[in-house]
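Structure first, then comments.
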Amino acid sequence: MDIEAVVAQARRHAGLAASRTTLIHRGENILVGADDAVIRIGRVGEVPGTTREVAFARWLEERKIPAVRPLPIEQPIEVEGHPVTFWERLPAHRQARPAEIGEALRRLHAAAAPDIGLPRLDPFARLPQRISAATTLTDDDRRWLTTRLSTLREQWNRQGLDAVPHSVIHGDIWAGNVVVLHGTSIPIMLDFERCSVGPAAWDLTSIAIKRTSFAWITDDEYMEFTSAVGDDVTASPHYDLLRDVRELRMTCYLGQHAAENPGTPAAQEAELRLQCLRGTHGPRPWPWTPAAT
Numbered sequence: 217m218d219i220e221a222v223v224a225q226a227r228r229h230a231g232l233a234a235s236r237t238t239l240i241h242r243g244e245n246i247l248v249g250a251d252d253a254v255i256r257i258g259r260v261g262e263v264p265g266t267t268r269e270v271a272f273a274r275w276l277e278e279r280k281i282p283a284v285r286p287l288p289i290e291q292p293i294e295v296e297g298h299p300v301t302f303w304e305r306l307p308a309h310r311q312a313r314p315a316e317i318g319e320a321l322r323r324l325h326a327a328a329a330p331d332i333g334l335p336r337l338d339p340f341a342r343l344p345q346r347i348s349a350a351t352t353l354t355d356d357d358r359r360w361l362t363t364r365l366s367t368l369r370e371q372w373n374r375q376g377l378d379a380v381p382h383s384v385i386h387g388d389i390w391a392g393n394v395v396v397l398h399g400t401s402i403p404i405m406l407d408f409e410r411c412s413v414g415p416a417a418w419d420l421t422s423i424a425i426k427r428t429s430f431a432w433i434t435d436d437e438y439m440e441f442t443s444a445v446g447d448d449v450t451a452s453p454h455y456d457l458l459r460d461v462r463e464l465r466m467t468c469y470l471g472q473h474a475a476e477n478p479g480t481p482a483a484q485e486a487e488l489r490l491q492c493l494r495g496t497h498g499p500r501p502w503p504w505t506p507a508a509t
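Quick note: to get my numbering, add 216 to the position in the sequence shown (first position is 1).
Structure follows, in structure tokens:
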């Protein structure tokens, strides 16, 4: 795909003047910076989901829940099958601290679900495809991941997590998806691709494992998070399962990323994560390296 050509065509369709662009990130989605917007190019076939993302962001704005805003134009714009969206450029900012993430989640989880067709949480979304794509891992490793996925699906159904009280959830909460503008104290949420309706514990687990599984945050930081959000998911009878599913997702993501980006440290990290899951690298906390997870 010619990123510059896709952006230029989308800008013309949106009635926006040409602008210099800079690649910010290239992964499953592509982020491009321009003078007047951050432009997101989604995967082919994802127009319905992207349409829902924009509607969700506008709902957050109506509810006065701090979040990045889409530009006030009709979007997404489809170019070569890719949904293209335009978002406001935020001024100087930093990643949120655990307590600030807790504050953002408390506001989100307390809101009544919008009538925009939010899907129910699928905690196993795309995992079979990611396992198949993780070609830097051995066939035996991928068979083990497939069996592990099946086991966790069975446990999810047996524990009845689809029947526990649901709320609006972000679905992919981490410090990079919540930021604080310099000179302010208000956490602003980003990236609504995984927003859905599901157990609030799914969001809370994303932060809890940073203490219990990897020691990426301190005990004090985790206590500040639980105080801000008003709950400690590690006390839930479902926590071990939620943790295990999150860890599997993080491992499968790195496996796919390693195959798509040869020559990077991702392959070594994916192998480390797999061996931890397989029980050959000692007990938690494990020495995983943060990589947008």
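Just so you know, even glycine gets a beta-carbon here, dropped at the ideal spot from N, CA and C.
Next item on the list: Please name the residue in ARG364, THR351, GLU437 and GLU269 whose C-alpha comes closest to that of LEU470.
Entry: In the sequence shown, the residue the question calls residue 470 occupies position 254. Answer by Cα proximity: THR351.
Margin query: Under DSSP, the beta strand (DSSP E) around TRP303 begins and ends at which residues?
Written below: Reading the sequence shown from its first residue, position 87 is the one you call residue 303. Here the beta strand (DSSP E) through TRP303 covers 298-303.
Checklist line | Beta-carbon proximity of GLU269 to CYS411, cut-off 9 Å | finding: The count along the sequence shown starts at 1 and reaches residue 269 at position 53. The count along the sequence shown starts at 1 and reaches residue 411 at position 195. Yes, Cβ-Cβ distance for GLU269 and CYS411 is below 9 Å.
Next item on the list: Alpha carbon to alpha carbon, how far is ARG313 from THR421? Give it in angstroms, no decimals.
Entry: Reading the sequence shown from its first residue, position 205 is the one you call residue 421. Reading the sequence shown from its first residue, position 97 is the one you call residue 313. Spanning the two alpha carbons is a distance of roughly 16 Å.
Next item on the list: For the beta strand (DSSP E) containing GLN311, list its first residue and its last residue.
Entry: Stepping through the sequence shown from its first residue, residue 311 is reached at position 95. First-last of the beta strand (DSSP E) with GLN311: 309-311.
Next item on the list: Find out if the Cβ-Cβ distance for the pair HIS454, LEU353 is shorter than 9 Å.
Entry: Start at 1 with the first residue of the sequence shown, and residue 454 comes out as number 238. Start at 1 with the first residue of the sequence shown, and residue 353 comes out as number 137. The answer is no: Cβ separation not under 9 Å.
Next item on the list: Report buried or exposed for MET466, applying the criterion of at least 16 other Cβ atoms within 10 angstroms of its Cβ.
Entry: As a first step, residue 466 must be located in the sequence shown, where it is residue number 250. By the 10 Å Cβ count, MET466 comes out buried.
Next item on the list: Kindly indicate which three-state DSSP category GLY249 falls into: helix, strand or coil?
Entry: Residue numbering aside, residue 249 sits at position 33 when the sequence shown is read from its first letter. Strand at GLY249.
Margin query: Pop quiz: ALA234 and GLU304 are said to be a contact at Cβ under 8 Å. What is the actual Cβ separation, rounded to whole angstroms?
Written below: As a working mapping, residue 234 is identified with position 18 in the sequence shown. As a working mapping, residue 304 is identified with position 88 in the sequence shown. That pair is no contact at about 19 Å.
Check: Which one of PHE408, ALA391, ARG462 and GLY392 has the shortest CA to CA distance from PRO286?
Finding: Position 70 of the sequence shown, counting from 1, holds the residue named residue 286. Among PHE408, ALA391, ARG462 and GLY392, the Cα nearest to that of PRO286 belongs to PHE408.
Check: In whole angstroms, what separates the C-alpha of GLU440 from that of ALA315?
Finding: If you number the sequence shown from 1, residue 440 lands on position 224. If you number the sequence shown from 1, residue 315 lands on position 99. About 5 Å.
Checklist line | Own chain partners of PRO330 with C-beta closer than 6 Å, once the 5 adjacent residues on each side are dropped | finding: As a first step, residue 330 must be located in the sequence shown, where it is residue number 114. Result list for PRO330: TRP275, in chain order.
Checklist line | Boundaries (first-last residue) of the alpha helix (DSSP H) holding VAL544 | finding: Since the first and last residues shown for the chain are 217 and 509, residue 544 lies out of range.
Notebook entry, point to check: Secondary structure at GLU485, three-state DSSP: helix, strand or coil?
Noted result: Residue 485 sits at position 269 when you count from the first residue of the sequence shown. Residue state, collapsed to three classes: helix.
Check: How far does the alpha helix (DSSP H) with LEU343 in it reach, from first residue to last?
Finding: Stepping through the sequence shown from its first residue, residue 343 is reached at position 127. Taken as a continuous stretch (DSSP letters only), the alpha helix (DSSP H) holding LEU343 covers 343-349.
Item checked: Beta-carbon contacts of THR238 that lie in its chain and below 6 Å, excluding the five residues immediately before and after -> For the purposes of this step, residue 238 is taken as the residue at position 22 of the sequence shown. Closer than 6 Å at the Cβ level, and outside the excluded window around THR238, lie GLY249.
Notebook entry, point to check: Counting along the chain, where does the alpha helix (DSSP H) carrying ARG268 start and finish?
Noted result: The sequence position of residue 268 within the sequence shown is 52, counting from 1. Looking at the DSSP string, the run of the alpha helix (DSSP H) that includes ARG268 is 263-278.
Next item on the list: Can you check the segment 395-446 for any alpha helix (DSSP H) of at least 4 residues that lies completely inside it and give the ranges in chain order?
Entry: 416-428 and 435-445
Next item on the list: Could you tell me if GLY258 is buried or exposed, where buried requires 16 or more neighbouring beta carbons within 10 angstroms of its beta carbon?
Entry: Position 42 of the sequence shown, counted from the start, is the residue given in the question as residue 258. GLY258 comes out buried.
Next item on the list: Use the C-beta contact count for LYS280: other C-beta atoms within 10 angstroms, 16 or more gives buried, fewer gives exposed.
Entry: The residue you call residue 280 lines up with position 64 of the sequence shown. Flag for LYS280 reads exposed.
Check: Using the C-alpha atoms, what's the distance from PRO501 back to ALA193?
Finding: Coverage of the chain is limited to positions 217 through 509, which leaves residue 193 absent and any answer about it impossible.
Margin query: Between which residues of its own chain and GLN492 is the CB-CB distance below 6 Å, once the five residues before and five after are set aside?
Written below: Residue numbering aside, residue 492 sits at position 276 when the sequence shown is read from its first letter. In the sequence as displayed, the identity of residue 492 is Cys instead of Gln. Excluding sequence neighbours, CYS492 sits near TRP502.
Margin query: Only counting the same chain, and skipping five residues up and downstream in sequence, which positions put a Cβ closer than 6 Å to that of ALA482?
Written below: Taking the first residue of the sequence shown as position 1, residue 482 is located at position 266. Hits under 6 Å: LEU470, HIS473 and ALA474.
Notebook entry, point to check: On the three-state DSSP scale, how would you describe THR505?
Noted result: Position 289 of the sequence shown, counting from 1, holds the residue named residue 505. Three-state result, THR505: coil.
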